[in-house]
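>
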Amino acid sequence: ETADREKPMNIEADRATYDQKQSLGTYTGNVIVTQGTMTLKSAHLTVRQDEAGNQYSTGNGNPVDFKQRMDTGEWVMAKSLRFDYDGKAGILRLMDKAWVRRDTGDEVIGDVIIYNLNTETYEAQGGTSGGKPGRVNITIQPKKKEAQ
Amino acid sequence: MRWSSKFLPLALLIVLGMLVWLLNEAARLPDLPPHLRNGEPDLVLENIDAMRFGETGQPLLKVKADRSRHYPNDNSTWFDNPHLTYTAPDQPVMRAVTTLAQGLQNSNRVWFPREVTVTRDPVGDQAELVVLGKEVWMTTDTRRAWSDARVTATMGPYRGNGTGFEADMNAGTILLKSKVSTTYEPPRP
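Residue numbers (this note's numbering), protein chains in the order written: chain A, 1 to 148; chain B, 1001 to 1189.
#1: In terms of residues, what are the limits of the beta strand (DSSP E) holding Q22 of chain A?
#2: Check for me: the beta strand (DSSP E) holding D1125 of chain B runs from which residue to which?
#3: Measure the alpha-carbon distance for T1119 of chain B versus N1170 of chain B and round it to whole angstroms.
#4: With 16 as the cutoff for other CB atoms within 10 Å, does M9 of chain A come out buried or exposed?
#5: What residues match up with A1027 of chain B in a beta bridge as DSSP calls it?
#6: Where does D4 of chain A sit, in a helix, a strand or coil, going by DSSP?
#7: Quick check on DSSP: helix, strand or coil for S1107 of chain B?
#8: Within 8 Å (strictly less), CB to CB, does P1092 of chain B reach chain A?
#9: Compute the distance between the beta-carbons of I1174 of chain B and A1149 of chain B, then report whether it is under 8 Å.
#10: Name the DSSP beta bridge partners of P1059 of chain B, please?
#11: Could you give the C-beta distance for Y56 of chain A and D86 of chain A, rounded to a whole number, given that I count them as a contact under 8 Å?
#12: Cβ closer than 9 Å: which chain A residues qualify as neighbours of L1132 of chain B?
#13: Pull the bridge partners of V1130 of chain B from the DSSP assignment, please.
#14: Show which residues of chain A have a CB atom less than 7 Å away from the CB atom of E1185 of chain B.
#15: Given a cut-off of 8 Å, decide if V112 of chain A and L94 of chain A are closer than it, judged by their beta-carbon atoms.
#16: Assess contact between the segment 1104-1116 of chain B and the segment 1155-1169 of chain B, defined as three or more Cβ pairs (one per stretch) separated by less than 8 Å. Is contact present?
#17: State yes or no: is the C-beta of A13 of chain A within less than 8 Å of the C-beta of N30 of chain A?
#18: Classify T121 of chain A: buried if its beta carbon has 16 or more other beta carbons within 10 angstroms, exposed otherwise.
Here it is as structure tokens:
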């Protein structure tokens, strides 16, 4: 949900370091991030805050697992090998074998998928690993017809 | 007659030697019991409010404690309910509050066997750093703290828990060794 970013962020991990000067936290091993309805699981994660408190994080996993509920109530699930998150812009960038799926059945596969948390829309870019080389694979489920 | 005049002086010498040895044994003073049994303090102070200064007269360490006991065998000092305030020049003030502490190596190294709160003042835009743990070691010259026990560290909006830690209070870095759980409170818009 768009309000997730104002909620406390909890991070669990096997090990962590925090550097005040850089406002940088580094987490390794079974990393689980929860913030409101958003859950992200990865093997490695770095989180940095700017003075205004906006958060920027990067991470990788085998794969990285992302899940969040949208304002409409639908759930979005995503996977990739790497990710990049810009809390100020509200952009989550999924890279390498990226896959996004809504619980309505819509699905996108690509090398890079950019998910906009403000507009809850995503943009997919092809690449060597997405479906056919250089292509994006999108599946959109037809809306069920109203009963006559 | 010749036999006795030859050996008589020797016999006299032997008798004289034995008498001297007997006299020495008889005159030996019993070993005085050591004035202190091992492990006893040689200095106990109550209601302490003390200050240590550096060569330039700058206050380095303020100690308030209910009691202190100095032990000569390892040159350590135990403090009961101490409030330790470290004010080295060019460094942020650092405080330690606990119920029991042991100062070693001229208090350059401190052991906190029980729960202790170590606080380092804010520095520039770095928030106050607070470490709450137990079985904590701390060096007061290099200002590092570490323990293998459970710890909670708070730095502004960032709060972390873990088992085992290493902290550099001046650099503002902390390593949480295992079972890490952290919370970040974003500032209200």
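C-beta atoms are modelled at their ideal positions from N, C-alpha and C, and glycine is treated no differently.
If you're wondering where the values come from, they're calculated on a predicted model, not measured in any experiment.
The answer reads as follows:
#1: Boundaries for Q22 of chain A: no beta strand (DSSP E) harbours it, and the DSSP string shows neither H nor E there.
#2: Run containing D1125 of chain B: none; DSSP gives neither H nor E here.
#3: Whole-angstrom Cα-Cα distance: 11 Å.
#4: M9 of chain A is buried by the Cβ-count criterion.
#5: A1027 of chain B has no beta-bridge partner at all, per DSSP.
#6: Residue state, collapsed to three classes: helix.
#7: Three-state DSSP puts S1107 of chain B in coil, outside helix and strand.
#8: For P1092 of chain B, the answer is no, since every Cβ of chain A falls outside 8 Å of its Cβ.
#9: Their beta carbons are not under 8 Å apart, which means I1174 of chain B does not touch A1149 of chain B by this criterion.
#10: Residue pairing for P1059 of chain B: DSSP places it in a beta bridge opposite B:F1053.
#11: Their Cβ separation, rounded to whole angstroms, is 6 Å, which keeps Y56 of chain A and D86 of chain A in contact under 8 Å.
#12: None at all; the shortest Cβ gap to chain A is about 15 Å.
#13: Assignment of beta-bridge partners to V1130 of chain B by DSSP yields B:T1119 and B:T1154.
#14: Going along chain A in sequence order, the residues near E1185 of chain B (Cβ under 7 Å) are P8.
#15: The answer is yes: Cβ separation under 8 Å.
#16: The segment 1104-1116 of chain B is not in contact with the segment 1155-1169 of chain B.
#17: It is a contact, given that the beta carbons lie within the stated cut-off.
#18: Counting Cβ neighbours within 10 Å, T121 of chain A comes out exposed, since fewer than 16 surround it.
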